[in-house]
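Notes follow the structure.
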Amino acid sequence: MSSVENSMFLVNDYTTPEKQSPFGDIPSKYSNRYTTSIQQTNLYTWNMMQSYVLIIVRFCLTSLVIYISLFKATCDNFRRFVLNLYTACVAYETVLIIYTALNVYLLFAEWNLQFAKL
């Protein structure tokens, strides 16, 4: 086997303790597929939590901006427009929060099933 083929083979060989995967150290007692799956699940969980926090922060900022603009508004038509916009934003953010919470719940349910099989 040439050195190029040998190096290509070793790049994907994460079974030995000396090698490291892109996700960090993988214990040799676990198979590659199982450990990589757990690392990807952890990454997915982290992304879901980040999106959940971002939705809450965005909801608070949207509420604050519209609340301030309600007090600054003098025209009744503009105030009514802002109030309708605020209601639409609250409905949109509520749907996003429910959707994200459902995704997180389903993720943990799937995760529990994955560990129950072990």
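Just so we're on the same page, this note's numbering is the position in the sequence shown counted from 1, plus 254.
By construction, the Cβ of each residue, glycine as well, lies at the ideal position given by its N, Cα and C atoms.
Just so we're clear, the structure is a prediction, and the values are computed from it rather than from any experiment.
Please return the same chain residues whose Cβ sits closer than 6 Å to the Cβ of residue i, not counting the five positions on each side in sequence.
i      : result
Asn266 : Confidence at Asn266 is low in this model, with a pLDDT of 47, below 50, so the placement of that residue should be treated as unreliable; the coordinate-derived value is given next. Taken in chain order, the list of residues that qualify is empty.
Output needed for residue i: all residues of its chain with C-beta closer than 8 Å, excluding positions within five of it in sequence on either side, in chain order.
i      : result
Ser305 : Thr354
### Query
Is the segment 355–367 in contact with the segment 309–318, if contact means three or more CB pairs nearer than 8 Å?
no
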